[in-house]
Structure formats: structure tokens, C-alpha cells
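Number of protein chains: 2
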Amino acid sequence: MSTAEETAGGEGSAWGEVTPDAARRLLIAAVEAFAERGYHATTTRDIAGRAGMSPAALYIHYKTKEELLHRISRIGHEKALEILRTAAAREGTATERLADAVSSFVRWHAGGRTTARVVQYELDSLGPEARAEIIGLRRQVDAEVRGIIEDGVASGEFDVPDVKGTTLAVLSLCIDVARWFNVNGSRTPDEVGELYADLVLRMVGAK
Amino acid sequence: MSTAEETAGGEGSAWGEVTPDAARRLLIAAVEAFAERGYHATTTRDIAGRAGMSPAALYIHYKTKEELLHRISRIGHEKALEILRTAAAREGTATERLADAVSSFVRWHAGGRTTARVVQYELDSLGPEARAEIIGLRRQVDAEVRGIIEDGVASGEFDVPDVKGTTLAVLSLCIDVARWFNVNGSRTPDEVGELYADLVLRMVGAK
DNA sequence: GGCTGCTCTAAGCGACCGCTCACCGTCGGC
DNA sequence: GCCGACGGTGAGCGGTCGCTTAGAGCAGCC
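Right under this line is the structure:
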């Protein structure tokens, strides 16, 4: 048996903003459980148990089970957006910025696979209002990547006939890492990030 | 309200092998429900209701709810494998065969998104033995694509430093189409297939 | 020491789950 | 005309779900 911290906090995934301590422990336990079994197959008793508390304790810190998923999803998307924004805003050519964005985005999906799985694949389990908010964040994610690709096309670095479609494909490729990446597999998050940065530069026809 | 046939049978997705008629109707209803809500969030009452039958009728044709998912998953994977085998075995250069494989595989994921979603994303809901069988089919899928890429490398058509990793990425890209493709969106399955074939040829450095 | 407020637990409510069972209508074979 | 086989139903069982409630333990403040 592993504690909640070992798996979900493994890469220092900054749940530090969640207070008090008991609320954070519950949230980390929920991330683990949702990633392993999916939102609907996870019981509130399981979440509370992983956090070392009674089932009722969950409802002191969260109104419903869905609020837990909402909080996880928002914090995760904000983190993902921050990663892309940092890469997009740095100095360098579009080629360098795109490679940086893809490799760090992929590293996050591979290294924090537990969190990324919940963030990327449990969106449909949210209610309409919560889902709408998250979709807004995803549009911003899309805009960051599209911006870099457009810069590369404008500077003549890239050859991309379909910018919207290629942006979609690049993000899709990165996101799907959370589905297949295996912590016990033969590749490290760094290696996958490097491979994917190379593949994406080929996709955009970087010189 | 739409009938089960309209959505899940839309692309003539050949559930014809499932008999008798009532068993097929239940299976198509299950594909719809699993794709919309996920396996765990779908109730047997919902499946039976969509098929126009009472909850108990399901258990005349299937032993458990999981058996439904297993049958759907196996038939779907066999269909996907058949599509790739056809493309891999045709005459032509590795470039032509890879483009054909990707475009037809993507067309299947986009056009039959309902089925593809269940096939690709509900694998973890299967029990150990059923999952092991499906994983065997997936390894064959992987082998088909890797075979084409290896052919291209051997003939000098492709420039691929990491065949295993690139194979994984190509399949990942295609599979993820089932997650984001929207029937009401601006692209047809054919258009996405063509775009993706082009992107994949770039990824393998096709001349 | 008494009081308030916060965190947590034990117990359990009402609803709904997957699945079963006793029974029924229909239909081909004799 | 009777019969068994087959495919179907209504009712409901045992269990588990998300969530609530009454109250215990324990701070800090006067």
C-alpha cells in the first residue's frame, strides 16, 4: 500500500494551495482514486478511506463528490495552461518555443500521469456549469499552441497547410500520453518529451 | 430522441454478426449508453430501456453487464485490426500503405466515434481475463503499424530514429480522434483522415 | 471554568444498483 | 388440441451508493 502523497504528489504537483491540510489529503486521495478507477466507479467511502478519515469527513470540506472533481480539474488545467504559457512567452525562435512547449507539456502528462488522467479524461463527469468553465480553460490552452504555430508560419520556419487542424493534432498527441504512459515502462517522461518534440517539429515542417 | 440504429449503426458498423435480433438491439443500445456516459455510469435499466425492453430481458442474452462490454470491445478491436491489416497487405510503397492505414483507421474512429470511444476508452472496466484478451488484440494492431514503418525504413522511404516510439505516437494520434471528434463539427471523417495521413507521413520523414 | 466554533465520527436514511425468480404469451411439431 | 422451448415481463432481493444528522473531542478566548 502506498500513501496518497507518494503517487499523486510524486512530482511535487503543487496541491499546496489547497487548505486546510485535511482538505488537501482528501483531494489527493480523490485524484488517485479517480485516476485508477474513474470518477463514477469511485465511492466517497474509498476517497475518505485513502485519506484516513471516515466517510462523513469528506462533506465537511466539500459539498459533493462532484465538487472534488471540479477542483481537481480546475487546478490541473491551470497548471497545464501555465506550463504552455511559460514556453510560449520565452525568448527564441518559434521552433525552439514549440519544442519547449511540447516537451514540457508531455513531461507533465507522463510524470503526473495520475493527475493528468483525471484532468483530461473525466471532463464529461462534470455538470454543465463546471464543464463550461473547464472548456474555457481548454480554449486558452489551444490558443497558446496555435499562437506558436502561427508565429512559425509567419516567420517562414514552419510549413503548415492547416493550422487549426495541426494544432488540434499536436495537443491530441500530447494529451493522449496520459492514457498510455506507464510508470514502470521503459521510457522516462524526459525521453518521451524529447521524442514528441522531435515528432511535432516534423509535423509542422520545421526546417 | 434517436433510435439505437441511427447513432451506433450509422456507418454500417456491422453488428450483423450478433444474433438474435434482440441481442443485437441490446448491444447497440449498450454501445450508445457506454459512449455517452461511460461504462460505470450506465445502468442495465438504461440499456434495456433504449432497446425497448424490460430490465430483466438483458439477462436472457447476456450473463452480466460486463459481458456486453467484452463483446463490444472484442468485435470493435477485430474490426480495427481488419482495417489495418487490409491497408498493410495491399500493394504499393510503404508510404502509400501507411497513408492508407492512417486515413482509414482515422475514418473509422471519427465516423464510428460512438463505437470507437467504447472500444478505446472503456478497456479498464473489463475484468482481468477479458482485458488480457483485448490487450492481445491491441498488440496485433501495434504490430501492423510497426511493420509498415519498418518496411519504409528498410526501403529508405522513411527516416525514423525511434521506430517503437514513433509507432506508439502514430497509433496514439489516431486513437485520440475518438475523444475529440465532434459529429457536428466542421470536419468530416474523410477530411480528418486525409489531414492525419499527411501529418503521419511528415512524422516518419517520408520523402 | 464555561462557552463557542471547528473537525471529525458512528449510525443510518432513502434511493438505486446489478441481478434473480416466478410466471406468461407465442409458436412450431406431433 | 396439447406441449415443451424460447423470449419476454413485473416484482423484488440484497447490497451499496451519495449524503445527512446527532453528538463527541478539543482547541482558543473570555
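As you go down the protein sequences, you meet chains W and R in turn.
Here our numbering is used: position 32 in the first sequence is 22, and no number is missing along the way.
Here our numbering is used: position 43 in the second sequence is 33, and no number is missing along the way.
Think of the CB as a built atom: it goes at the ideal place given N, C-alpha and C, for glycine as much as any other residue.
- A contact between stretches requires three or more CB pairs, one per stretch, nearer than 8 Å, and the stretch 55 to 71 of chain R meets this requirement with the stretch 105 to 117 of chain R.
- In this structure, DSSP gives Lys53/W a state outside helix and strand, which the three-state scheme calls coil.
- For Trp98/R, no Cβ of chain W is located within less than 8 Å of the residue's own Cβ.
- At the C-beta level, Leu163/R and Ser94/W stay beyond 8 Å of one another.
- For the 8 Å CB-CB criterion, Ala77/W and Ala91/W form a contact.
- Per DSSP, the unbroken alpha helix (DSSP H) holding Glu140/W starts and ends at Pro118 to Ala144.
- In the DSSP assignment, Phe24/R falls within the unbroken alpha helix (DSSP H) covering Asp11 to Arg27.
- In this model, Glu56/W and Gly28/R are separated by some 16 Å (Cα to Cα).
- Secondary structure note for Met193/W: its alpha helix (DSSP H) is the uninterrupted segment Pro179 to Met193.
- Along the stretch 152 to 178 of chain W, the positions whose C-beta sits under 8 Å from a C-beta of chain R are Asp152, Gly155, Thr156, Leu158, Ala159, Ser162, Leu163, Ile165, Asp166, Val167, Arg169, Trp170 and Arg177, read in chain order.
- Residues of the stretch 28 to 55 of chain W whose Cβ lies closer than 7 Å to any Cβ of chain R, in chain order: Gly28, His30 and Ala31.
- For His60/R, the three-state secondary structure derived from DSSP is helix.
- Only buried fits Ile139/R, as 16 or more other CB atoms lie within 10 angstroms of its CB.
- Assigned with DSSP and collapsed to three states, Lys69/W falls in helix.
- Exclusion of the five residues before and after Glu147/W leaves Thr83, Ala84, Thr85, Ala196 and Lys197 as the residues of its chain whose Cβ lies within less than 7 Å of its Cβ.
- Membership of Gly39/R in the alpha helix (DSSP H) is indicated by the continuous run Thr34 to Arg40.
- Distance check between Thr9/R and each of Gln130/R, Tyr52/R and Gly117/R places Tyr52/R closest, using alpha-carbon atoms only.
- In the structure shown, the three-state DSSP call for Phe148/R is coil.
- Interface annotation, Leu185/R: in contact with chain W, CB-CB separation under 8 Å.
- Each residue's CA atom was taken as its position, placing Gly175/R and Asp11/W some 44 Å apart.
- Cβ neighbours of Ala23/W within its own chain (closer than 8 Å, five residues either side excluded): Thr32, Asp36, Ile37 and Arg40.
- For Lys197/W, there is no enclosing alpha helix (DSSP H), as DSSP marks it with neither H nor E.
- Not a single C-beta of chain R is nearer than 8 Å to the C-beta of Gly101/W.
- Pairing Val131/W with Leu189/W gives a Cβ-Cβ distance that is not under 8 Å.
- Membership of Phe171/W in any alpha helix (DSSP H) is not indicated, and neither H nor E is assigned to it by DSSP.
- Look at His99/R here: in three-state DSSP terms it is helix.
- Under a criterion of Cβ atoms nearer than 8 Å, the residues of chain R adjacent to Gly195/W are, in order, Arg192.
- Taking the Cβ atoms as the reference, His60/W lies roughly 12 Å from Leu127/W, outside the contact range of under 8 Å.
- Residue-level contact by beta carbon holds for Leu189/W and chain R, with a gap shorter than 8 Å.
- Pro151/R is positioned such that its CB atom lies no closer than 8 Å to that of Arg97/R.
- With 16 or more neighbouring CB atoms inside 10 Å of its own CB, Thr34/R falls in the buried class.
- By alpha-carbon distance to Trp170/R, the top candidate from Arg136/W, Leu113/W, Phe171/W and Ala120/W is Leu113/W.
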